[in-house]
Amino acid sequence: MRVLHIITGLDAGGAEQQLRLLLRRLPVRCDVVSLTGVGTVGPGIRADGTPVTALGPAGPRDLPALPRLVRLIRAGGYDLVHTHLFRACVLGRTAARLAGVRAVVATEHSLGGTRPEGHPHTLRARAAYLASERLGSATVAVSATVADRLRAWGVPSGRVHLIPYGIDADHFRFDPGLRAAARKRLGLAEREFVIGAVGRLAPGKRYDLLLRAVAEVPGARLLLVGDGPERHRLHTLAYGLQVAERVRLLGERDGVVETAGDRPADIPGLLAAMDLFVSPSPEEVFGLAVLEALAAGLPVLHAHCPALDELPAEAAPGARRIAPDAARLAAALREHAAAGGGRRLPVPAAVERYAVSRAARRLMALYDHTARHGTDGCARGPAPAPGQRPFPALLDPRR
Numbered sequence: 001m002r003v004l005h006i007i008t009g010l011d012a013g014g015a016e017q018q019l020r021l022l023l024r025r026l027p028v029r030c031d032v033v034s035l036t037g038v039g040t041v042g043p044g045i046r047a048d049g050t051p052v053t054a055l056g057p058a059g060p061r062d063l064p065a066l067p068r069l070v071r072l073i074r075a076g077g078y079d080l081v082h083t084h085l086f087r088a089c090v091l092g093r094t095a096a097r098l099a100g101v102r103a104v105v106a107t108e109h110s111l112g113g114t115r116p117e118g119h120p121h122t123l124r125a126r127a128a129y130l131a132s133e134r135l136g137s138a139t140v141a142v143s144a145t146v147a148d149r150l151r152a153w154g155v156p157s158g159r160v161h162l163i164p165y166g167i168d169a170d171h172f173r174f175d176p177g178l179r180a181a182a183r184k185r186l187g188l189a190e191r192e193f194v195i196g197a198v199g200r201l202a203p204g205k206r207y208d209l210l211l212r213a214v215a216e217v218p219g220a221r222l223l224l225v226g227d228g229p230e231r232h233r234l235h236t237l238a239y240g241l242q243v244a245e246r247v248r249l250l251g252e253r254d255g256v257v258e259t260a261g262d263r264p265a266d267i268p269g270l271l272a273a274m275d276l277f278v279s280p281s282p283e284e285v286f287g288l289a290v291l292e293a294l295a296a297g298l299p300v301l302h303a304h305c306p307a308l309d310e311l312p313a314e315a316a317p318g319a320r321r322i323a324p325d326a327a328r329l330a331a332a333l334r335e336h337a338a339a340g341g342g343r344r345l346p347v348p349a350a351v352e353r354y355a356v357s358r359a360a361r362r363l364m365a366l367y368d369h370t371a372r373h374g375t376d377g378c379a380r381g382p383a384p385a386p387g388q389r390p391f392p393a394l395l396d397p398r399r
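Under UniProt numbering, the first residue of the sequence shown is numbered 1, with each subsequent residue one higher.
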């Protein structure tokens, strides 16, 4: 089977890095097309052995992109097209059908409650999405939260398939030597209490709340890993709160594979350097960064994490849900700081539940079904009912 993955872009983000993880495990020949550029993730995908083509800097709104994409799909002789992210889903599903491909799968990675992938929710955007959805075979939701939102948008329930994100837990396993090296590189003393967060610096992530909370915890240090439109505002806020000397904005880092000879600079090393992980965003659609922190043995505070909220509490005893409020968050930070840093928790069952190998098997099963039945074959496929727990047997080793 030959599969073409079409994605809006390849800058560092959950969808882009998840694609790279899956490409390593899918037992089919894959190519990748980015509607924009190769970004920061594209070179890594190429290094892994998967060809990457960028349509160019004109971007996904460039009308000539559609015929170019149609020609590319026809020339590749693909059996299945898999689209990722809103714009690529709209353009890619249309191009696939025009190119004569009957098996078309889309993954909805980040359909927020009011802003699909951070963009304003307009009737025009919704109409375009639903029109292109009818051209596809199946839509993958990365969480039950996303599945419910797809149905609310008007996607038929039988065409929604729940395949959660996957994580490579071994990649994030705690290493004391890596912790020491990362702290040395960052200029952090062994006994300093270090709070951390990983994600795109965007308004909905509410890192401003975390900065305000850290300001109320004397001596605590904060590592913010990621980049985005809020970077300058957060930098200014840190100075305004007089905590700039305790806050490090570290930019985008590799969350899939360590840089050769420089592991302390990548996500596993930075997680090892932390004592507490915080996700203050109330709008997460999965919570992959939270799972990575749990895989590193960190205690976690989170405002919203569907990956955990959809599981029994005992699946992740080291994670605690907290309201996205600066005062309450500050109180929780002080509590953890008083207990001291350096402790590591056992990796919880939730992490194994979301193993990337499991996600790859589920996706491959959907590929096989879709390739056999084409556009109409998934119209009555299984999907959890709204509100139904997607994983009723968390600890069942047969699942």
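Note that CB positions come from ideal geometry on N, CA and C, so glycine has one too.
This structure is a prediction, so every number in the text was calculated from the model and none was measured.
Residue-level contact to chain C via CB, residue i, 8 Å cutoff
i: Leu19; result: Structure shown: chain C not included; a single protein chain is present.
When the options are compared against residue i, the one with the closest alpha-carbon
i: Val243; options: Ala220, Leu329 and Cys305; result: Ala220
i: Ala15; options: Gly287, Pro51, Thr145 and Pro324; result: Gly287
i: Arg185; options: Gly269, Val41, Gly251 and Arg159; result: Gly269
i: Leu210; options: Val247, Arg183 and Ala349; result: Val247
i: Glu310; options: Arg334, Glu284 and Gly297; result: Glu284
i: Val373; options: Val347, Arg102, Gly318 and Pro299; result: Note that residue 373 corresponds to His in the displayed sequence, not to Val. Of the listed residues, the one whose Cα sits closest to His373 is Arg102.
i: Thr370; options: Pro27, Tyr129, Ser137 and Ala47; result: Ser137
i: Gly76; options: Gly100, Pro64 and Ala65; result: Gly100
i: Val225; options: Leu308, Pro312, Gly196 and Val347; result: Gly196
i: Val146; options: Ala125, Leu178 and Ser110; result: Ser110
i: Val214; options: Pro229, Leu241 and Arg191; result: Leu241
i: Gly228; options: Asp170, Pro67, Arg191 and Pro203; result: Pro203
i: Glu292; options: Met1, Ala180, Arg124 and His171; result: His171
i: Val294; options: Arg124, Arg343 and Gln17; result: Val is not the amino acid found at residue 294; the sequence shown has Leu there. Considering only alpha carbons, the answer is Arg343.
i: Glu335; options: Tyr354, Gly13, Thr122 and Pro299; result: Pro299
i: Ala47; options: Leu21, Gly318, Arg233 and Leu366; result: Leu21
Cβ-Cβ separation, residue j to residue i (assumed contact under 8 Å), whole Å
i: Pro306; j: Arg206; result: Going by Cβ atoms, the distance from Pro306 to Arg206 rounds to 16 Å, so no, they are not a contact pair.
i: Ala326; j: Arg212; result: 4 Å
i: Ala359; j: Gly44; result: Going by Cβ atoms, the distance from Ala359 to Gly44 rounds to 19 Å, so no, they are not a contact pair.
i: Leu23; j: Thr50; result: 5 Å
i: Val33; j: Val3; result: Wrong, their Cβ atoms sit about 11 Å apart, outside the cutoff.
i: Ala128; j: Val90; result: 5 Å
i: Gly158; j: Ala289; result: At roughly 31 Å, the Cβ-Cβ gap does not stay under 8 Å, so Gly158 and Ala289 are not in contact.
i: Leu135; j: Thr94; result: 6 Å
i: Val351; j: Asp168; result: Not a contact, Cβ separation roughly 10 Å.
i: Ala349; j: Ala315; result: 5 Å
i: Gly297; j: Val217; result: Actually they do not touch by this definition, with Cβ atoms about 21 Å apart.
Close beta carbons around residue i, own chain, < 7 Å, minus the five adjacent residues each side
i: Ala96; result: Ile73, Val81 and Val104
i: Arg231; result: Leu201 and Leu249
i: Ala182; result: Pro264, Gly269, Leu270, Ala272 and Ala273
i: Glu258; result: Residue placement at Glu258 is flagged as unreliable, the pLDDT there being 43, under the threshold of 50; the coordinate-derived value follows with that caveat. Contacts found: Asp266 and Pro268.
i: Cys30; result: Val3, His5, Leu23 and Thr50
i: Leu98; result: Val70
i: Leu237; result: Asp208 and Leu211
i: Leu19; result: His5, Ile7 and His84
i: Ser143; result: Pro164, Val285, Phe286, Pro306, Ala307 and Glu310
i: Arg25; result: Val356, Ser357 and Ala360
i: Gly13; result: Arg200
Opening and closing residue of the alpha helix (DSSP H) in which residue i lies
i: Cys89; result: Phe86 to Leu98
i: Asp42; result: Checking the displayed sequence, the identity of residue 42 turns out to be Gly instead of Asp. Looking at the DSSP string, the run of the alpha helix (DSSP H) that includes Gly42 is Gly42 to Ala47.
i: Arg20; result: Gly14 to Leu23
i: Arg68; result: Ala65 to Gly76
i: Ala238; result: Arg231 to Gly240
i: Ser281; result: First-last for Ser281: undefined, no H or E at that position.
i: Leu4; result: Per DSSP, Leu4 belongs to no alpha helix (DSSP H); it is in the beta strand (DSSP E), Arg2 to Ile7.
i: Asp275; result: First-last for Asp275: undefined, no H or E at that position.
i: Asp368; result: Val356 to His373
i: Asp208; result: Tyr207 to Val214
Extent of the continuous beta strand (DSSP E) run through residue i
i: Glu108; result: Val104 to Glu108
i: Gly196; result: Val194 to Val198
i: Val101; result: Counting along the chain, Val101 falls outside any beta strand (DSSP E), and DSSP gives it neither H nor E.
i: Ala54; result: Val52 to Ala54
i: Arg31; result: The amino acid occupying residue 31 in the given sequence is Asp; Arg does not appear at that position. Taken as a continuous stretch (DSSP letters only), the beta strand (DSSP E) holding Asp31 covers Arg29 to Ser34.
i: Arg221; result: Arg221 to Val225
i: Arg248; result: Val247 to Gly251
Sequence-distant residues of the same chain with beta carbon closer than 6 Å to residue i, five excluded per side
i: Val140; result: Thr107, His161 and Ile163
i: Leu301; result: Val278, Arg320, Ile322 and Ala332
i: Pro280; result: Arg206, Leu209, Leu210, Ala303 and Pro324
i: Arg398; result: Residue confidence is low: Arg398 scores 33 on pLDDT, short of 50, so the model does not pin down where it sits. Its coordinate-derived value is still stated next. Around Arg398: no qualifying Cβ.
i: Asp275; result: Phe193, Val194 and Gly341
i: Glu133; result: Val155
i: Leu363; result: Ile163
Chain-order list of residues whose beta-carbon lies under 8 Å from that of residue i (same chain, five-residue window excluded)
i: Asp11; result: Gly39, Thr40, Val41 and Glu252
i: Arg328; result: Ile322
i: Thr53; result: Asp31, Val32, Val33, Ser34 and Leu72
Residue i Cβ short of 7 Å to the ligand SAM heavy atom set
i: Leu35; result: By its list of ligands, the structure shown contains no ligand whatsoever, and the ligand SAM lies outside what it can speak to.
With a floor of 3 residues, list each beta strand (DSSP E) that falls wholly inside the stretch 125-184, ordered by position along the chain.
-> 138-141 and 160-162
Could you give the uninterrupted runs of the alpha helix (DSSP H) lying entirely in the stretch 303-344, keeping only those of 4 residues or more?
-> 306-309 and 326-339
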